[in-house]
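K.L.:
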Amino acid sequence: MKKKDFAAGLVLGAVIFGATPAIASGIIAELSSQPIYVDGVQVEMTAYSINGNNYVKLRDIGEAVGFDVSWNSTEQRVDIDSTSPYTADDTVVVDSTPHTVAEMVSETYLSSNDTKTSYQVTVTNQTIDGKLSNGQDPTEENIRAMLEEIIAIYPQYTSWGATYNDGDLHWYEGHTACNSYAYMVRDILYGTDCEPAETLTDLSQVQTGDIVYLKNTSTNRGHWMVVSGVGTNSLGMYINSMSGNSNAMVFVDAPYYLSAAQEEYPDSVIYRYY
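So for the sequence shown, the working numbering puts the first residue at 1; every next one is plus one.
#1: Going by DSSP, what residue range makes up the beta strand (DSSP E) through Tyr271?
#2: Tell me which same chain residues have a C-beta within less than 8 Å of the C-beta of Ser243, skipping the five on either side of it?
#3: Is DSSP giving Tyr257 helix, strand or coil here?
#4: Three-state secondary structure (DSSP) at Gly80?
#5: Helix, strand or coil for Tyr157 per DSSP?
#6: Give the C-beta separation of Val185 and Gln207 to the nearest angstrom, bearing in mind that I take them to be a contact with Cβ-Cβ under 8 Å.
#7: List the residues that DSSP assigns as beta-bridge partners of Thr122.
#8: Look up Ile239 in the DSSP assignment and give the residues it is bridged to.
#9: Looking at chain C, is there any beta carbon in it that lies within less than 7 Å of the beta carbon of Ala260?
#10: Going by C-alpha distance, which of Gly40, Gln42, Pro35 is nearest Tyr55?
#11: Give the straight-line distance between the Cα atoms of Ser33 and Asp60, rounded to the nearest whole angstrom.
#12: Quick check: the segment 154-174 against the segment 211-222, are at least 3 beta-carbon pairs closer than 8 Å?
#13: Does DSSP classify Pro62 as helix, strand or coil?
#14: On the three-state DSSP scale, how would you describe Met249?
#15: Using the rule of at least 16 other Cβ atoms within 10 Å of the residue's Cβ for burial, across every protein chain shown, is Asp193 buried or exposed?
#16: Which full runs of the beta strand (DSSP E) of 3+ residues lie inside the segment 166-212, going along the chain?
Have a look at this one:
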């Protein structure tokens with residue numbers, strides 16, 4: 001009997017544990033005494049009889065027939081791989097590759113004229129619960145390490161997206177300005193399916209890796225940036241930032257003093273992804 005035919009010939013379901021008859025939601029389950037054979041050879045496999053059908057563990061079938069069954073905790077699902085042999089570990093290790101920022105980022109040439117060359121930036125990675133997109137813990141040290149990788153690709157004064165100025169035009173997620181750069185860095189750090197864990201409005205609460213929208217509703221002014229560090233000196237607390245489209249260029253570690261920033265941008269929002 002082929003493995004697919006064997007699996008299809010059994011009624012699969014959740015196993016009800018216990019050596020005596022059990023009642024769950026009106027369903028009576030009893031240990032089955034019927035023997036189970038695989039390719040003519042009897043195998044030891046616990047089965048329960050429910051309404052005349054035999055229910056066994058999917059994992060037991062995988063072990064007996066020879067296909068792998070695993071629990072994908074990230075996606076909250078059961079994975080069956082008919083091409084791989086059975087393994088005893090029931091938890092899948094999610095492959096978080098590509099591990100480096102350079103492998104996550106690609107550019108597609110779009111067009112050029114006398115003053116500007118246009119590129120579409122694409123980020124390819126995954127969001128991993130409780131981790132950065134490279135599989136590392138979201139510590140300040142690990143976030144900063146990824147930011148340094150981004151800086152290596154787009155260093156200080158790299159020409160960035162600006163439709164009104166000379167220099168290269170970078171598109172990401174349909175945008176070309178400072179929000180384009182901020183979205184790109186966010187997706188590199190936390191994965192393209194990331195959602196903010198929380199939003200804050202007090203700039204004094206910023207942390208490395210936060211995405212900040214400096215905003216003044218009354219004057220219709222705003223600027224997106226990535227927090228690359230937080231410090232304090234004689235002038236007070238400040239944010240080191242990374243941003244795009246500052247005079248059509250990337251700026252790295254441009255400082256913003258919180259007292260002045262909060263006064264100038266009273267409607268600012270912090271987006272935190274970890």
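All residues carry an ideal CB built from backbone N, CA and C; glycine is no exception. In this text, all values refer to a predicted model and were calculated from it rather than measured experimentally.
P.N.:
Result, derived from the coordinates:
#1: Against the sequence shown, residue 271 aligns to sequence position 271. 269-272 is the span of the beta strand (DSSP E), which, as asked, contains Tyr271.
#2: Walking along the sequence shown from the start, residue 243 turns up at place 243. Closer than 8 Å at the Cβ level, and outside the excluded window around Ser243, lie Cys178, Tyr181, Ala182, His223, Trp224, Met225, Val226, Val250, Phe251, Ala254.
#3: In the sequence shown, residue 257 corresponds to position 257, counting from 1. Of the three classes helix, strand and coil, the one that applies to Tyr257 here is strand, per DSSP.
#4: Within the sequence shown, numbered from 1, the residue matching residue 80 stands at position 80. According to the sequence as given, residue 80 is Ile; it is not Gly. Of the three classes helix, strand and coil, the one that applies to Ile80 here is strand, per DSSP.
#5: In the sequence shown, residue 157 corresponds to position 157, counting from 1. DSSP places Tyr157 in the coil class of the three-state scheme, outside both helix and strand.
#6: Stepping through the sequence shown from its first residue, residue 185 is reached at position 185. Stepping through the sequence shown from its first residue, residue 207 is reached at position 207. Between Gln207 and Val185 the Cβ distance is about 15 Å, and since that is not below 8 Å, they are no contact.
#7: As a working mapping, residue 122 is identified with position 122 in the sequence shown. Ser106.
#8: Here residue 239 is taken as the residue at index 239 of the sequence shown, counted from 1. DSSP output for Ile239 lists Val230, Tyr256 as bridge partner(s).
#9: Judged by its chain identifiers, the structure shown contains no chain C, having just a single protein chain.
#10: Working through the sequence shown from its first residue, we reach residue 55 at position 55. Nearest Cα to Tyr55 within the set Gly40, Gln42, Pro35: Pro35.
#11: Counting from 1 along the sequence shown, the entry for residue 33 is found at position 33. Counting from 1 along the sequence shown, the entry for residue 60 is found at position 60. Cα to Cα, Ser33 sits roughly 16 Å from Asp60.
#12: no
#13: In the sequence shown, residue 62 corresponds to position 62, counting from 1. Correcting the residue identity first, residue 62 is Gly in this sequence and not Pro. If DSSP states are grouped into helix, strand and coil, Gly62 belongs with the helices.
#14: One-based indexing of the sequence shown puts residue 249 at position 249. Of the three classes helix, strand and coil, the one that applies to Met249 here is strand, per DSSP.
#15: Working through the sequence shown from its first residue, we reach residue 193 at position 193. By the 10 Å Cβ count, Asp193 comes out exposed.
#16: For the segment 166-212, whole beta strand (DSSP E) runs of length 3 or above, ordered along the chain, are 169-171, 198-200.
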